[in-house]
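Working notes, beginning with the structure itself.
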């Protein structure tokens, strides 16, 4: 009986040791698993942080300095072109770049916004910048905020003819392609900042903006260029002003000047403002069918 007792006790000791060993292995396994999960979560969080930082610190060279020129057939555009607004056109005056939008349903218009100022700047032989700013008065003097979008990889292609010139834009032009590149945006007022965070943030990964702080952003991902845009450009001197006009879209090559266009001027030069379509929706401006020229070169 004593032997049996010893054997029984020994067996119990062995079983206890085995249980302890199993428990230790479980502890080691779960500890290792938790550690690995912690590393993975940390890596993911770091990657998200890096992505957010990249979105907000992407490089975008000075977008408002005019430089170089772009050749359109036998014509050349250079410098800064002001927008010949609907009001400018109706009053047969040179473009000012400013449009009273008090009673206009203008895309991105902030509460209290009464006017918008636009211009296009040629920055090299293959790039340009579109600038848009909102103002709390009708004379474009009290700025509420601005956005600049740089476009690169400009390529002027084949000529097109037989275009509708009922608005004075000419019967011929050239096919053009370019890519969205980068930009800068800032709200001078909380109202403008709120509007950008509502109407534009999702488009340019800007969430959120802070009033008084300029944000630089990329239009593409991982340093790449953004969408390809297609257009028809034309330019020429009518003896009084030099006109630069165009129609553009990211949905495909336009076949004519179209009905949804604006007017941009450039110091004794003319430039037609445009609508750029994204997903079937006009995102630049919402006005009655217009044709725009830049007539004042700055």
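Numbering (my numbering), first residue to last: 762 to 1059.
Glycine included, C-beta positions come from ideal geometry on N, C-alpha and C.
Fair warning: this is a prediction, and the values are worked out from it, not measured in the lab.
**Asked** Are the CB atoms of residue 949 and residue 908 nearer to each other than 7 Å?
**Response** no
**Item:** Helix, strand or coil at residue 847 according to DSSP, with G and I counted as helix
**Value:** helix
**Message:** Considering only the alpha carbon of each residue, which of 868, 947, 925, 913 lies closest to residue 976?
**Reply:** 947
**Assigned secondary structure, residue 960 (DSSP; H/G/I helix, E/B strand, else coil)** = helix
**Prompt:** Does the Cβ-Cβ distance between residue 991 and residue 1010 come in under 7 Å?
**Reply:** yes
**Request:** For residue 963, count neighbouring Cβ atoms within 10 angstroms of its own Cβ and tell me buried if that reaches 16, exposed if not.
**Result:** exposed
**Message:** residue 939 and residue 915 - do their beta-carbons sit closer together than 7 Å?
**Reply:** yes
**Prompt:** When you compare only the Cα positions, how much space is there between residue 937 and residue 996?
**Reply:** 13 Å
**Item:** Pairwise C-alpha distance: residue 943 and residue 870
**Value:** 22 Å
**Request:** Compute the beta-carbon to beta-carbon distance between residue 883 and residue 929, rounded to the nearest angstrom, for a pair I have assumed lies under 8 Å.
**Result:** About 22 Å; that fails the 8 Å criterion.
**Request:** State the CB to CB distance for the pair residue 887 and residue 903, rounded to an integer number of angstroms; the pair is presumed to be in contact (CB under 8 Å).
**Result:** With a Cβ gap of about 35 Å, residue 887 and residue 903 do not count as contacting.
**Message:** Nearest by alpha-carbon distance to residue 877: which of 866, 910, 901, 868 is it?
**Reply:** 901
**Request:** Establish whether the CB of residue 856 and some CB of chain C are separated by less than 7 Å.
**Result:** In the displayed structure, chain C is absent; only one protein chain is listed.
**Request:** Could you tell me which uninterrupted alpha helix (DSSP H) segments, each at least 4 residues in length, are contained entirely in the stretch 834-921, listed from first to last along the chain?
**Result:** 847-851
**Under 7 Å between C-beta atoms of residue 924 and residue 1018** = yes
**Asked** Going by the CB atoms, is the gap between residue 934 and residue 921 shorter than 7 Å?
**Response** yes
**Prompt:** According to the neighbour-count rule (16 or more other Cβ atoms, all chains shown, within 10 Å of its Cβ), is residue 846 buried or exposed?
**Reply:** buried
**Request:** Check whether the Cβ atoms of residue 987 and residue 980 lie closer than 7 Å to each other.
**Result:** yes
**Message:** For residue 1015 and residue 919, I'd like the C-alpha separation in whole angstroms.
**Reply:** 13 Å
**Asked** What whole-angstrom Cβ distance do residue 862 and residue 874 have, given they're in contact under 8 Å?
**Response** 7 Å
**Prompt:** Cα-Cα, which of 969, 892, 859 is closest to residue 898?
**Reply:** 859
**Asked** Where do the N-terminal and C-terminal ends of the beta strand (DSSP E) with residue 975 fall, by residue?
**Response** Neither: residue 975 is in no beta strand (DSSP E) and is coded neither H nor E.
**Request:** Can you tell me which of 1008, 1004, 1013 puts its alpha carbon nearest to the alpha carbon of residue 842?
**Result:** 1004
**Message:** For residue 756 and residue 971, what's the separation of their Cα atoms in angstroms?
**Reply:** The requested residue 756 is not part of the displayed model; the chain covers only 762 to 1059.
**Prompt:** Beta carbon of residue 917, beta carbon of residue 833: below 7 Å?
**Reply:** yes
**Item:** Backbone secondary structure at residue 829 - three-state DSSP
**Value:** coil
**Request:** In angstroms with no decimal places, state the Cα-to-Cα distance between residue 826 and residue 1012.
**Result:** 29 Å
**Asked** Does DSSP classify residue 938 as helix, strand or coil?
**Response** strand
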